[in-house]
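Count along the sequence shown starting at 1, add 6, and that's the number in the working numbering.
Everything below concerns the one structure shown next.
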Amino acid sequence: MFKKLTALGLTILMLLSAAACTNANDNAATRDEIKATEKATEAPTQYEPVRTKETVNKQGLAANISDGAILHTWCWSFKTITDNLDDIADAGFSAIQTSPIMQCKVGEDGGMQLQDKDDSTNKGKWYYHYQPTDYVIGNYQLGTKEEFTKMCQEAHKRGIQVIVDAVLNHTTGDKSVISENITNIKNAFHNKGDISDYSDRMEVTQGNLLGLQDLNTQNKEIQQYLLSYLKDCVACGADGFRYDATKHIELSTDDKEYASDFWNVVLNNGSKFQYGEVLQGGSDRITSYAKIMNVTASEYGSMLRDAVINQDVSVGGLRDYAVNGIDESSLVTWVESHDNYCNDGNWSAMNEKQVKQAWAILCARSGGTPLFFDRPSGASTEDQWGDNKIGKAGSGFYKDKEVVQVNKFRTAMIGQWEKLTNPEDEQGVIMIERGSKGAVIVNVTSEEIKLTEADTDLADGTYKDKVGGKEFKVKDGKLKGTVKKNAVVVLYK
């Protein structure tokens, strides 16, 4: 049982916690801050990512998260991430995204399975860390607050920034295990029951998602408790946040019956890069969320997977990100997310080779901030969960040459405009050019493709493929070379 704390006690606790990470004493919310935010604002405050003037840091990685590539270290422990940071940096990833780091529901017998497998005894599931029991750093799946802080310090030494997956919409559905730090707050939860109609905006934002307890995000004490947690993460080294289930938390521009200034409050946490998981469909209001934070382009991932699987990467179907005109600089993109992999039945539709082809298309583009989901260690198209262990490093295919070279291409091409074409009208081949400096060519077919007069903006000269080593020649706006079946070609000097 957690010790009962008053609202003032919670504030003091978070202040001390933040000071423990940074020796600062102003990172948690104070009573004056709480009073200052009691009046809701009428419109969302525009969130602007913090950008540095430099484009590449001294370690050779993108200095700004939005310019680089993010590795989703899904279900890796803090210690595991720390042990693999050199490999992550060498692979050209400028940021990592952790799984949720707050205290969470504990698996049966303290187990560490990703999922029940082969009728095994239930000893924990990956989605337990999406079921908060308190908003303090550290849980049995990923590690301690001290380990998180060390991980951030070691990441920063290598030029890698840290994004934390933050679950602010709900707690676990089992109230008996929720900390009194939350339950002792008056009216801590909504009481609208479970969501049944995803086209009903009030229901989507005020109801329980999948039986989980929906936090009363209009409540000022709840807002400040969550803000204190976010500030503590930043004090310990977090550079940004991914907000789970964003569309399930109301906006200040929603109907006045349930609108709130929640996002105005919590986005003011001192981090550099923040984005919301807004899965498209139903009452998502994605364009409104995009006015106050970056958002996910979930439909584009689906389009990209289908294109690679069907061996048809026509630019007409892939040029647009399918997000209602939202500026591409506000998007976080992926080939697949952990939700796609775990919940949608898509895990067996693509093998790792196809994922790498799709990643090359995604990461080579100028728009969006691409997120690479690292599948479980030992997983395959026949085995979804592989080694089935939480805390362990995932598949090593994020270190494969195709991925690494496209990541480095992305960094080298910062600031260059893009052009997408199907060379010589080959619908199974796509070329992403970045200005006149470089190009990535992806062949998703099982046939070798010989290009003899492909139109290009590349400067004249001979280019050596960074992946396969073959030479491609450009003269007078024409590209000549051979693209092997299922190959990724990376060209720049």
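For every residue, glycine included, the Cβ atom is placed at its ideal position computed from N, Cα and C.
For clarity, every value in this text was computed on a predicted model and none was experimentally measured.
- No Cβ-Cβ contact shorter than 8 Å links K407 with V450.
- The segment 244–260 makes contact with the segment 276–288: 3 or more CB pairs, one atom from each, lie closer than 8 Å.
- I94 and C348 have their C-alpha atoms some 23 Å from each other.
- In this structure, H78 sits near F379, with a CB-CB distance shorter than 8 Å.
- Apart from the 5 residues on each side of it in sequence, K362 sits with its Cβ closer than 8 Å to the Cβ of F403, D406, E408, V409, V494 in its chain, given in chain order.
- G287 and T387 have their C-alpha atoms roughly 28 Å apart.
- One thing to note: G307 has its Cβ within 8 Å of the Cβ of S343.
- Judged by DSSP in its simplified three-state form, W132 adopts helix.
- By the criterion of a C-beta distance shorter than 6 Å, C81 is surrounded in its chain by S105, W132, I396, once the five residues flanking it on both sides are discounted.
- Taken atom to atom, the span from the alpha-carbon of C110 to that of P55 is near 29 Å.
- With a cutoff of 8 Å on beta-carbon distance, K491 and F478 are scored as not near each other.
- Residue pairing by DSSP places Q280 opposite F247 in a beta bridge.
- The segment 418–435 makes contact with the segment 453–462, as at least three CB pairs between them are under 8 Å.
- The segment 217–224 makes contact with the segment 173–180: 3 or more CB pairs, one atom from each, lie closer than 8 Å.
- The three-state reading of DSSP puts I367 in helix, counting H, G and I together.
- DSSP places G165 outside both helix and strand once states are collapsed to three, so it counts as coil.
- According to the DSSP secondary-structure assignment, E477 is paired through a beta bridge with K470.
- Taking one beta carbon from each stretch, the segment 363–383 and the segment 435–447 have 3 or more pairs nearer than 8 Å; the two touch.
- Buried is the label assigned to R416, since at least 16 other Cβ atoms lie within 10 Å of its Cβ.
- Look at C110 here: in three-state DSSP terms it is strand.
- Between the alpha carbons of K237 and E256 lies a distance of about 21 Å.
- In this structure A296 is buried. Its beta-carbon is surrounded by 16 or more other beta-carbon atoms within 10 angstroms.
- Along the segment 298–345, the beta strand (DSSP E) occurs as fully enclosed runs of 3 or more residues at 300–302, 337–340, listed in sequence order.
- Taken in chain order, the whole alpha helix (DSSP H) runs of length 4 or more contained in the segment 50–124 are 84–89, 91–96.
- Residue state for I455 is assigned as strand, using DSSP reduced to three classes.
- Annotation for D180: no beta strand (DSSP E) segment contains it, and DSSP assigns it neither H nor E.
- In this structure, the CA atom of D350 is about 21 Å from the CA atom of Q317.
- In chain order, G392 place their CB closer than 6 Å to the CB of A385, counting only its own chain and leaving out the 5 sequence neighbours on each side.
- Burial is judged here by how many other beta carbons sit within 10 angstroms of a residue's own beta carbon; S72 has at least 16 and is buried.
- Residue state for G402 is assigned as helix, using DSSP reduced to three classes.
- Within the same chain, Cβ atoms closer than 6 Å to the Cβ of R207 are found at S289, the five residues on either side in sequence being excluded.
- Note that the C-beta distance between Y281 and A303 is not below 8 Å.
- Using a Cβ-Cβ distance cut-off of 8 Å, the segment 135–144 and the segment 180–198 are in contact, since at least three pairs of beta carbons, one from each stretch, lie closer than that value.
- Cβ-Cβ separation between G149 and F84: approximately 4 Å, consistent with a contact (criterion under 8 Å).
- Spanning the alpha carbons of A161 and Y146 requires a straight line of approximately 22 Å.
- With a cutoff of 8 Å on beta-carbon distance, K484 and T462 are scored as near each other.
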